[in-house]
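In my numbering, the protein residues as written are 79 to 613. Quick notes on the structure that follows.
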Amino acid sequence: MSSTYDAIILGAGHNGMILQAYLGRAGLKTVAIERRPVAGGGLSTLEDPRFPGFLHNTHAFFQRAITTMPWYADLDLARHGADYIEPELNVVLLTREGRALQWWTDFERTVASFAQFSTKDAATLRRWHDDFVPIVEDILAWEGRSPPLPPQERRRLLERSAEGRRLLAASERSPLEFVHEEFEHPTIQAGLLFFNGLREVDLRLRGFGHHIAALLASPAKAQMSRGGSAALSRALESAVRAGGGEIRLLTEPKRIATEQGRAIGIETAAGELIRARHVIASSLNPHQTFLDLLDPAMLPSELRAKVRGFQYNLLAPLFALNLNLREPPRYRAARDHPELEHAFMVIMGLDHVDQFPEIVRHHELGTIPPTVMWGACPTVFDPSQAPPGHHTAFMWEKLPYRLNGDPRHWDAERERHGAVMLDLWRQHAPNLEDAVLGSFTRSALDVERCLPNMREGDLLVGAFANGQIGYDRPFPGAGHYRTHLPGLYLCGSSSHPGGNITGLPGYNAAQIIFADLGLQADWAPPPFADRLLAL
Ligand SMILES: Cc1cc2nc3c(=O)[nH]c(=O)nc-3n(C[C@H](O)[C@H](O)[C@H](O)COP(=O)(O)OP(=O)(O)OC[C@H]3O[C@@H](n4cnc5c(N)ncnc54)[C@H](O)[C@@H]3O)c2cc1C
């Protein structure tokens, strides 16, 4: 049996589907090959089988500024059913003493909260915010949504403008140096490094100091998808189908077929050859794409070495505790801060910046650090995710993938560790003593079992380290979405600008593929280099 499409997409996560929807709009006949029974990848919402009506977002939940993404408008996702909520009290860090450091969608309220901890830090926040807003708006936002520039060209173009030079200067420090040198209060320092950690950047690495400044200036706040994260996946599937695209579930590729040095199709595990006239785009990780699926003869030895050397994030793996509740968590700190009743992301267990080196050390050793966790009660904002009058809530913690040297140890440790997290949660929200109807946990090993592209539980599908970012992501020779093999492209989180629900790897890959196929891309932004030249 054989069939032919213009383009085959490997993996129907959000990046794969975004690329597929753009190709479909251009009139190409497309198919996505997905091993799971549902599309969406990290956009996953599950109903607890023991508690009908209780929905849990087991992977991505906090989605940054989705409604401002270019593909959200281009693909008309609101019309396809996507709907987002952006809670005003966006993030709260609760301290042991019951204080609350708050990030609001309203910048002035964030400044006021910082000032309660340190007036000097509040002034520093304002200074970096004002300094970096144009850098975020004119450079960083566009860099994320454009195919990356070669590093030397990027530097040369940035050096031409004052904004570019300020960006380069801020990036020379490590996030740790930036936070220590600029801010004084340990809770504020800890909060900022926590956010840096959420983007999985190693806080010790020079070259990434600007991430903190960008964070202070960015208008992009956490949003949640009404109906659960899977609602965005359903909207994307609808957009794909509107362009005539097919999504084949429960289908796994066995190999990428080649002819005369060109990728021409895939053979499925069931033995079907599916041909691609123009494009095979893989949203899988480099190990899967190049080592598992390509004939070794088609992978030059120096590329093989680069794939083998591709690193996954030590600090990305997450452990999750999910609760079905009679009522939402009621935080002790809400007595002094009633606004906490409507706090979105809540962080607990993080009191001091000195905890970070300890957390890193535990990850290196494969042991469990003292709990620092964060999460939300989605049903406070979207009651549709639980039966009437009931709630769901979750907490995540960064814990090492190789527990005591072997990820399989998680299967025995899971429940015990969930109890440790619940204990800390109850200290902050005593009503959880009686409010819990049911719970379940998920380890980083469970994540990898579900989504094998998230190798070693790395939800960003590749470390952010020098040599694996921008033009060099996943590695030199396969950055900018093209691979060494004509017809084979990358479009997932292992490519620029990386993981999380941004859709930008898929969006950028679409720009490259449209250019290579000579398709008109009236939706694409002007070249990033032109923007830098215009500064
Ligand atoms: C616990 C957890 C919490 C997270 N929280 C957040 C969050 O709050 N905010 C946020 O923005 N991000 C979060 N993420 C990260 C986010 O989910 C990912 O970075 C994002 O899903 C990556 O998108 P993608 O399209 O590149 O890959 P994926 O979403 O992983 O999609 C890849 C697809 O490929 C499929 N696939 C894999 N292997 C094969 C194969 N061999 N053959 C066929 N198909 C295959 C998968 O089944 C999947 O459907 C979280 C992830 C986890 C695990």
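Built from N, CA and C at the ideal position, the CB exists for glycine as well. Predicted, not measured: the structure shown is a model, and the values here were computed from it.
(request) Could you check if L155 is buried or exposed, using at least 16 other CB atoms within 10 Å of its CB as the buried criterion? (result) buried
(message) Taking the alpha carbon of S81 as the reference point, which residue from I342, D209, D432 has its own alpha carbon closest?
(response) I342
(message) By the DSSP assignment, the beta strand (DSSP E) with M426 in it spans what residues?
(response) 423-426
(message) On the criterion of 16 or more Cβ atoms from any shown chain inside 10 Å, does A464 qualify as buried, or is it exposed?
(response) buried
(request) Find the nearest neighbour of A454 within the set R560, A85, E164, W149, judged by alpha-carbon distance. (result) E164
(message) In whole angstroms, give me the CA-to-CA distance for Q589 and L227.
(response) 14 Å
(request) Please report how far the alpha carbon of D126 lies from the alpha carbon of A522, in whole angstroms. (result) 19 Å
(request) Please report the residue range of the alpha helix (DSSP H) in which V525 lies. (result) 522-528
(message) Does F139 come out as helix, strand or coil in the three-state DSSP assignment?
(response) coil
(message) Looking at the strands, I want to know which residues DSSP matches up with H134.
(response) L124
(message) Taking its Cβ as the centre, do 16 or more other Cβ atoms sit within 10 Å of H506, making it buried, or is it exposed?
(response) buried
(request) Decide yes or no for the touch test of the stretch 411-421 against the stretch 436-453: beta carbon pairs closer than 8 Å, at least 3 of them. (result) no
(message) With a threshold of 6 Å on Cβ separation, who are the neighbours of V211 within its own chain once the five nearest residues in sequence on each side are excluded?
(response) A295
(message) Any heavy atom of ligand 1 inside 7 Å of the beta-carbon of I579?
(response) yes
(message) Nearer than 7 Å: is that true of the beta carbon of G349 relative to any heavy atom of ligand 1?
(response) no
(request) State yes or no: is the C-beta of Y567 within less than 8 Å of the C-beta of G557? (result) no
(request) Confirm the yes/no value for this check: CB of S296, any heavy atom of ligand 1, distance under 7 Å. (result) no
(message) Cutting at 6 Å between CB atoms, please list the residues of its own chain near M79, excluding the five before and the five after it.
(response) The predicted position of M79 is uncertain, since its pLDDT is 46 and thus under 50; a value taken from the coordinates is nonetheless stated next. Same-chain partners within the cutoff: E350.
(request) Helix, strand or coil for Y567, going by three-state DSSP, please let me know. (result) strand
(request) Would you give the residue range spanned by the alpha helix (DSSP H) that S191 belongs to? (result) 185-195
(message) Could you check whether the Cβ of L538 sits closer than 7 Å to any heavy atom belonging to ligand 1?
(response) yes
(request) Identify every residue that forms a DSSP beta bridge with M451. (result) M426, E475
(message) Less than 8 Å between C-beta atoms, sequence neighbours within five positions excluded: which residues of the same chain meet that for E259?
(response) R251
(message) Taking the alpha helix (DSSP H) that E259 belongs to, which residues open and close that run?
(response) 253-260
(message) Within 8 Å, do at least three Cβ pairs link the stretch 263-280 to the stretch 296-311?
(response) no
(message) Assuming T336 is part of the beta strand (DSSP E), what are its boundary residues?
(response) 331-337
(message) For P435, count the other beta carbons within 10 Å of its own beta carbon; 16 or more makes it buried, fewer makes it exposed. Which is it?
(response) exposed
(request) Return the first residue and the last residue of the alpha helix (DSSP H) that R103 is part of. (result) 92-103
(request) Count the other CB atoms, across all protein chains shown, that sit within 10 Å of the CB of G242; report buried if there are 16 or more and exposed otherwise. (result) buried
(message) Just to confirm my understanding: we take N135, look at its own chain, exclude 5 residues before and 5 after, and list those with CB closer than 6 Å. What are they?
(response) T123, G306, S307
(message) According to DSSP, simplified to helix, strand and coil, what is M79?
(response) With a pLDDT of 46 at M79, under the threshold of 50, the predicted position of this residue should be treated as unreliable, though the coordinate-derived value follows. Three-state DSSP puts M79 in coil, outside helix and strand.
(request) For my contact list, R142 and A298 are in at a C-beta cut-off of 8 Å; report their separation, rounded to the angstrom. (result) 5 Å
(request) For H289, count neighbouring C-beta atoms within 10 Å of its own C-beta (all shown protein chains included) and say buried if the count is 16 or more, exposed if not. (result) buried
(message) Is G285 close to ligand 1? I mean its beta-carbon at under 7 Å from any heavy atom of the ligand.
(response) no
(request) Go ahead and pull the three-state DSSP assignment for R238. (result) coil
(request) Check whether the Cβ atoms of M532 and L314 lie closer than 8 Å to each other. (result) no
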